[in-house]
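What follows is a set of notes on a single structure, which appears directly below.
In the UniProt record's numbering, the protein residues as written are 1 to 457.
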């Protein structure tokens, strides 16, 4: 089957030049071409062409739900050579202008400056039959101007985890980005997984992932901190118009309304994480979506037994992003978002000091209320909850040992457990014979106690 013929609409964000003479919102694109690392100013995106993986490619996994339900494709097209080339970054879709997004962020509480898509390429937007607009992005597709000291690649280990977890979280009802496909290669990639000097050769992989938007708190922070206020306003107006239609563009307090909405939806998101025992692992502002969906799956983990100090990330020595701290970290990130919005408050002559204080207090209270309404693990009626119908409590989540087992097999070209986990986790509330035989609802095996995950990917 022809892959490209099945995609009727394929567009990218308009650049300033492309939007000239139209009413469309336009984003200036970096005037410097090339994938070399540099400090970038006065733009939201840089043009960046993916670097194809070397060696034989293999389509290791696909999400039929995404392929058919979001991309409107017949699942049969995934067997074609065209599909493999497109979703690996070796071939571009007609009309695609690959971009890397510029953003900054607070990492572990400190401003980290320019970050950006260091190994991801935005391919374009697809409008499906339901009228939904999805941003398609490759992860692991090569260097960009934001790669810093990285090589632009992702390895099988991290790519399997992201593919499985993003789709599993969707099935759990948690707002999340989606994963369409996982492609693996023989290309060698050097990684020091635990930052202890033990560098090993792993294999490169690429995930095609989707979201309604990849804009995050750090997208606004970088513009606010560098004084690019006109561009900040333009990006905010675009986000409101495209993703928050209930907010009137004529409302003089539209940025405050946007902030209040993000506070509420972020509270819902973190509550959803907590309700299934999910710890994100790296809750930096550059990993917090403006649409309040889960993005950038790294050293995440699902709590095996109740422990508010559970930290999945071995790089987090102080436990800043422990599962029990996620509500407070969310509040910190929302305060940084409000700081980024402060130039807009000045535009509308808002009393920024009082606005900040009132909204911070309101957001803290709101966040805690939302969390504790849904955090059944600390509820006095926890044991009653455990006896509620099975559509309340999932029987299967992507526990660390399950992901590790699938990764180990995938690294020797056995993708059977990736496929099994993907299938099982798509219906996490239903008892499944194959899952029971695999021990997915049982106590973790003894070897699992030694498992560690890190930011290395």
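Even glycine gets a Cβ: it sits at the ideal position worked out from N, Cα and C. Fair warning: this is a prediction, and the values are worked out from it, not measured in the lab.
Margin query: On the CB-based measure, 16 or more other CB atoms within 10 Å of its CB, does residue 443 come out buried or exposed?
Written below: Position 443 of the chain shown, counting from 1, holds the residue named residue 443. Burial call: exposed.
Margin query: If you reduce the DSSP assignment to three classes, tell me which class residue 231 lands in.
Written below: For the purposes of this step, residue 231 is taken as the residue at position 231 of the chain shown. Residue 231: helix per DSSP, three-state reduction.
Checklist line | Identified DSSP bridge partners for residue 111 | finding: By one-based count along the chain shown, residue 111 stands at place 111. According to DSSP, residue 111 bridges with 106.
Margin query: For residue 452, count the other beta carbons within 10 Å of its own beta carbon; 16 or more makes it buried, fewer makes it exposed. Which is it?
Written below: The count along the chain shown starts at 1 and reaches residue 452 at position 452. The residue in question, residue 452, is exposed, as its Cβ has fewer than 16 Cβ neighbours within 10 Å.
Note to self: With three or more C-beta pairs closer than 8 angstroms as the rule, is the segment 287 to 301 touching the segment 169 to 180?
What the structure shows: The segment 169 to 180 vs the segment 287 to 301: in contact.
Notebook entry, point to check: When DSSP labels each residue in this structure, what does residue 383 get in the three-state scheme?
Noted result: As a first step, residue 383 must be located in the chain shown, where it is residue number 383. Annotation note: pLDDT 44 at residue 383 (below 50); position unreliable, coordinate value reported separately. Three-state result, residue 383: helix.
Margin query: Once DSSP output is grouped into helix, strand and coil, what is the label at residue 317?
Written below: Along the chain shown, one-based indexing puts residue 317 at 317. DSSP places residue 317 in coil when its eight states are reduced to three.
Check: Does the beta-carbon distance from residue 226 to residue 106 come in below 7 angstroms?
Finding: In the chain shown, counting from the first residue as 1, residue 226 sits at position 226. In the chain shown, counting from the first residue as 1, residue 106 sits at position 106. No; because the gap between Cβ atoms is not below 7 angstroms, this pair is not in contact.
Next item on the list: Mind reading off the beta-carbon distance from residue 235 to residue 248? Whole number of angstroms is fine, and I expect it under 8 angstroms.
Entry: Along the chain shown, one-based indexing puts residue 235 at 235. Along the chain shown, one-based indexing puts residue 248 at 248. Contact between residue 235 and residue 248 does not hold, since the beta-carbon distance rounds to 18 angstroms and is not under 8 angstroms.
Check: Which residues in the same chain as residue 221 place their Cβ atom closer than 7 angstroms to its Cβ, once the five residues preceding and following it in sequence are excluded?
Finding: As a working mapping, residue 221 is identified with position 221 in the chain shown. For residue 221, same chain residues with a beta-carbon under 7 angstroms away, outside a window of 5 residues either side, are 104, 105, 285, 336, 340 in chain order.
Notebook entry, point to check: At what residues does the alpha helix (DSSP H) containing residue 266 begin and finish?
Noted result: Counted from its first residue, the chain shown places residue 266 at position 266. Counting along the chain, the alpha helix (DSSP H) containing residue 266 begins and ends at 254 to 275.
Next item on the list: Starting from the Cα of residue 204, find the closest Cα among 134, 182, 198 and give me that residue.
Entry: Counting from one through the chain shown, the residue named residue 204 turns up at place 204. That would be 182, whose Cα lies nearest to the Cα of residue 204.
Notebook entry, point to check: Distance, Cα to Cα, residue 438 vs residue 405?
Noted result: As a first step, residue 438 is located in the chain shown; it is residue number 438 there, counting from the start. As a first step, residue 405 is located in the chain shown; it is residue number 405 there, counting from the start. The straight-line gap from Cα to Cα measures roughly 11 angstroms.
Next item on the list: Can you tell me which of 46, 334, 116, 156 puts its alpha carbon nearest to the alpha carbon of residue 188?
Entry: In the chain shown, residue 188 corresponds to position 188, counting from 1. Minimum Cα-Cα distance from residue 188 among the listed residues 46, 334, 116, 156 corresponds to 156.
Notebook entry, point to check: Does the segment 37 to 57 come close enough to the segment 84 to 101 that 3 or more CB-CB pairs lie under 8 angstroms?
Noted result: Three or more pairs of CB atoms, one per stretch, sit closer than 8 angstroms, so the segment 84 to 101 contacts the segment 37 to 57.
Note to self: Let me see if you follow: with CB-CB separation under 7 angstroms, is residue 84 close to chain C or not?
What the structure shows: Structure shown: chain C not included; a single protein chain is present.
Next item on the list: Give me the Cα-Cα distance between residue 418 and residue 69, rounded to the nearest whole angstrom.
Entry: Here residue 418 refers to the residue found at position 418 when the chain shown is read from its first residue. Here residue 69 refers to the residue found at position 69 when the chain shown is read from its first residue. Rounded to the nearest angstrom, the two C-alpha atoms are 21 angstroms apart.
Next item on the list: Give the straight-line distance between the Cα atoms of residue 431 and residue 59, rounded to the nearest whole angstrom.
Entry: As a working mapping, residue 431 is identified with position 431 in the chain shown. As a working mapping, residue 59 is identified with position 59 in the chain shown. One C-alpha to the other measures close to 29 angstroms.
Margin query: Under 6 angstroms: does the beta carbon of residue 421 sit that close to some heavy atom of the ligand HEM?
Written below: The ligand HEM is absent from the structure shown, which contains no ligands of any kind.
Item checked: Assigned secondary structure, residue 191 (DSSP; H/G/I helix, E/B strand, else coil) -> Working through the chain shown from its first residue, we reach residue 191 at position 191. Secondary structure of residue 191 (DSSP, three-state): strand.
Check: In this structure, does DSSP put residue 125 in helix, strand or coil?
Finding: Residue 125 sits at position 125 when you count from the first residue of the chain shown. Three-state result, residue 125: strand.
Next item on the list: Give me the Cβ distance between residue 468 and residue 180, rounded to the nearest whole Å; I'm assuming they're in contact under 8 angstroms.
Entry: One cannot answer for residue 468 here, as it falls past the ends of the chain, which runs 1 to 457.
Checklist line | For residue 224 and residue 343, believed in contact at Cβ under 8 angstroms, the rounded distance | finding: As a first step, residue 343 must be located in the chain shown, where it is residue number 343. As a first step, residue 224 must be located in the chain shown, where it is residue number 224. Rounded, the Cβ-Cβ distance is 6 angstroms, consistent with contact.
Check: If you draw a straight line from the alpha carbon of residue 267 to that of residue 168, how long is it in whole angstroms?
Finding: Here residue 267 corresponds to residue number 267 of the chain shown, with the count starting at 1. Here residue 168 corresponds to residue number 168 of the chain shown, with the count starting at 1. Rounded to whole angstroms, residue 267 to residue 168 spans 20 angstroms at the Cα level.
Check: Around the C-beta of residue 388, are 16 or more other C-beta atoms found within 10 angstroms, so that it is buried, or is it exposed?
Finding: Here residue 388 refers to the residue found at position 388 when the chain shown is read from its first residue. For residue 388, the predicted model reports a pLDDT of 48, less than 50, meaning its position is unreliable and no value from the coordinates is stated.
Margin query: Please report the distance separating the alpha-carbon of residue 436 from that of residue 312.
Written below: Position 436 of the chain shown, counted from the start, is the residue given in the question as residue 436. Position 312 of the chain shown, counted from the start, is the residue given in the question as residue 312. If I take the Cα positions, the gap works out to 25 angstroms.
Next item on the list: Would you mind listing the alpha helix (DSSP H) stretches within the segment 64 to 94 that are 4+ residues and don't spill past its ends, in chain order?
Entry: Contiguous alpha helix (DSSP H) elements confined to the segment 64 to 94 occur at 64 to 69, 81 to 88, taking only those with 4 or more residues.
Notebook entry, point to check: With 16 as the cutoff for other CB atoms within 10 Å, does residue 282 come out buried or exposed?
Noted result: Position 282 of the chain shown, counted from the first residue, corresponds to residue 282. Classification for residue 282: buried.
Next item on the list: Return the residue from the list 32, 27, 142, 77 that minimises the CA-CA distance to residue 207.
Entry: Position 207 of the chain shown, counting from 1, holds the residue named residue 207. Just measuring C-alpha positions, the residue of 32, 27, 142, 77 sitting nearest residue 207 is 142.
Note to self: Given a cut-off of 7 angstroms on the beta-carbon distance, is the pair residue 114 and residue 209 in contact?
What the structure shows: Position 114 of the chain shown holds residue 114. Position 209 of the chain shown holds residue 209. Contact: no.
Notebook entry, point to check: By a C-beta neighbour count over all protein chains shown, 10 Å radius and 16 as the cutoff for buried, is residue 78 buried or exposed?
Noted result: Position 78 of the chain shown holds residue 78. Residue 78 comes out buried.
Note to self: Looking only at its chain, what residues have a beta carbon closer than 8 angstroms to the beta carbon of residue 262, apart from the 5 residues adjacent to it on each side?
What the structure shows: In the chain shown, counting from the first residue as 1, residue 262 sits at position 262. Excluding positions up to five away in sequence, the list reads 290, 292, 334, 337.
Check: Hey, how far is the Cα of residue 299 from the Cα of residue 190?
Finding: Indexing the chain shown from 1 puts residue 299 at position 299. Indexing the chain shown from 1 puts residue 190 at position 190. Note on geometry: alpha-carbon atoms of residue 299 and residue 190 lie some 18 angstroms from one another.
Margin query: Per the DSSP calculation, residue 206 is bridged to which residue(s)?
Written below: For the purposes of this step, residue 206 is taken as the residue at position 206 of the chain shown. When beta bridges are read from the DSSP output, residue 206 appears opposite 183.
Notebook entry, point to check: If you draw a straight line from the C-alpha of residue 158 to the C-alpha of residue 67, how long is it?
Noted result: Along the chain shown, one-based indexing puts residue 158 at 158. Along the chain shown, one-based indexing puts residue 67 at 67. Cα atoms of residue 158 and residue 67: separation of roughly 22 angstroms, rounded to the nearest angstrom.
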